[in-house]
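So for the sequence shown, our numbering puts the first residue at 39; every next one is plus one.
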Amino acid sequence: MNPFFIRPVPSVFLLLSLACACLLGSVIVFPTQSALAKNQQTVEEMHSPVVSAYAQETCNHESFTNPDLILCGQQSLEKVDALLNEQYKKAMASLSPADKKQLTDVQRKWVRFKEAYCEDIYQSALPGAEAPIENLACLARATNARLGELIYLQTGLPNDGFYKAASLMAGQDRESGLKASINLLGGSEFDDPIWKQYADGQCDMSFRLLREDLAYCAVRMRFQLPMNR
Numbered sequence: 039m040n041p042f043f044i045r046p047v048p049s050v051f052l053l054l055s056l057a058c059a060c061l062l063g064s065v066i067v068f069p070t071q072s073a074l075a076k077n078q079q080t081v082e083e084m085h086s087p088v089v090s091a092y093a094q095e096t097c098n099h100e101s102f103t104n105p106d107l108i109l110c111g112q113q114s115l116e117k118v119d120a121l122l123n124e125q126y127k128k129a130m131a132s133l134s135p136a137d138k139k140q141l142t143d144v145q146r147k148w149v150r151f152k153e154a155y156c157e158d159i160y161q162s163a164l165p166g167a168e169a170p171i172e173n174l175a176c177l178a179r180a181t182n183a184r185l186g187e188l189i190y191l192q193t194g195l196p197n198d199g200f201y202k203a204a205s206l207m208a209g210q211d212r213e214s215g216l217k218a219s220i221n222l223l224g225g226s227e228f229d230d231p232i233w234k235q236y237a238d239g240q241c242d243m244s245f246r247l248l249r250e251d252l253a254y255c256a257v258r259m260r261f262q263l264p265m266n267r
């Protein structure tokens, strides 16, 4: 792993919100895999958004009281989910029938990976009080990464910062330095079969539609993984 690269840390508001929610008995509903057996065409049918009891209230970003931290954190998650839903619809509208079918399949594989991976993180943190915090941070990071992939498929411009970081690390020696930088940024191999199914499907789409190098794509998607791995 590159000693100079630090993965983004989950938002402090996100972590504090869930910590307070645990203390106050607030409930956060996470997505389930019940929709995976169906042939849905929209991401809402495959990915249940975070449910908030404070949807109609106003978030006060200047307040650090427990109720306000919970409110702001949950509303932030709802916004990320809403953006994901919007981008999925836009991506579907821009694709051919065959590509729409593949995107639906890839999205389903992402849901399966996200839920299994973050559940493992949750279970490994039990019985500690930080377990639900780790779970929520994992789900948020995975959702944000998926949002970036949907935008990438539509624009051809990856927004995860991976190739820019690799280019900066390589410096002037791009011919030999770029490949080494890419491998460093991706970290160690990740031998999770559920993740591999998702990554292979996504990289196949990015290769066919955008001609992204398959090997580099796999490393780039490892770069996006939640920091808990």
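Ideal placement from N, C-alpha and C gives every residue a C-beta, glycine not left out.
Looking at C-beta atoms only, is the number of pairs between the region 143–152 and the region 233–250 that lie closer than 8 Å three or more?
Cβ pair count under 8 Å is three or more, so yes.
Helix, strand or coil at Gln210 [DSSP, three-state]:
Gln210: coil per DSSP, three-state reduction.
Spatial neighbours of Tyr254 within its chain, please: C-beta separation below 7 Å, excluding the five flanking residues on both sides.
Contacts found: Ile220.
Own chain residues within Cβ distance below 8 Å of Leu216, not counting five before or after:
Excluding sequence neighbours, Leu216 sits near Ala204, Ser205, Ala208.
Given Leu195, which residues of its chain have a CB within under 8 Å of its CB, disregarding the five upstream and five downstream residues?
Contacts found: Ile189.
Taking 8 Å as the cut-off, decide whether the C-beta atoms of Lys128 and Gln192 are in contact.
One thing to note: Lys128 has its Cβ within 8 Å of the Cβ of Gln192.
Return the chain-ordered list of same chain residues with a C-beta closer than 6 Å to the C-beta of Met130, the five sequence neighbours on each side being excluded.
Answer for Met130: Lys138, listed in chain order.
Which parts of the region 114–171 are runs of the alpha helix (DSSP H), unbroken and 4 residues or longer, counting only runs that do not cross its ends?
Runs found: 135–163.
Report the option in Thr96, Asn98, Glu95, Gln262 whose CA atom is closest to the CA atom of Thr181.
Relative to the Cα of Thr181, the nearest Cα in the group Thr96, Asn98, Glu95, Gln262 belongs to Gln262.
Label Lys147 either buried or exposed according to how many other C-beta atoms from any shown protein chain fall within 10 Å of its C-beta, with 16 as the threshold for buried.
The C-beta of Lys147 has 16 or more other C-beta atoms within 10 Å across all chains shown, which makes the residue buried.
Is Thr181 helix, strand or coil by DSSP?
Helix.
Please identify the residue among Phe228, Ala256, Arg258, Leu252 whose C-alpha is closest to the C-alpha of Tyr155.
Out of Phe228, Ala256, Arg258, Leu252, Phe228 has the C-alpha closest to the C-alpha of Tyr155.
Figure out for me which residue from Gln113, Arg258, Asn173 has the closest Cα to the Cα of Gly225.
Out of Gln113, Arg258, Asn173, Arg258 has the C-alpha closest to the C-alpha of Gly225.
Sorted by chain position, which residues of the same chain lie with C-beta nearer than 8 Å to Leu185's C-beta, five sequence neighbours on each side aside?
Taking Leu185 as the centre and dropping the five residues before and after it, the same chain places the C-beta of Val118, Leu121, Leu122, Gln125 closer than 8 Å to its C-beta, in chain order.
How would you write the range of the alpha helix (DSSP H) that Arg246 sits in, first residue to last?
That run of the alpha helix (DSSP H) goes 231–248.
Output needed for Glu20: all residues of its chain with C-beta closer than 7 Å, excluding positions within five of it in sequence on either side, in chain order.
It is not possible to answer for residue 20, since the shown part of the chain is limited to 39 through 267.
DSSP state of Gln262 mapped onto helix, strand, coil:
The answer is coil: DSSP assigns Gln262 none of H, G, I, E or B.
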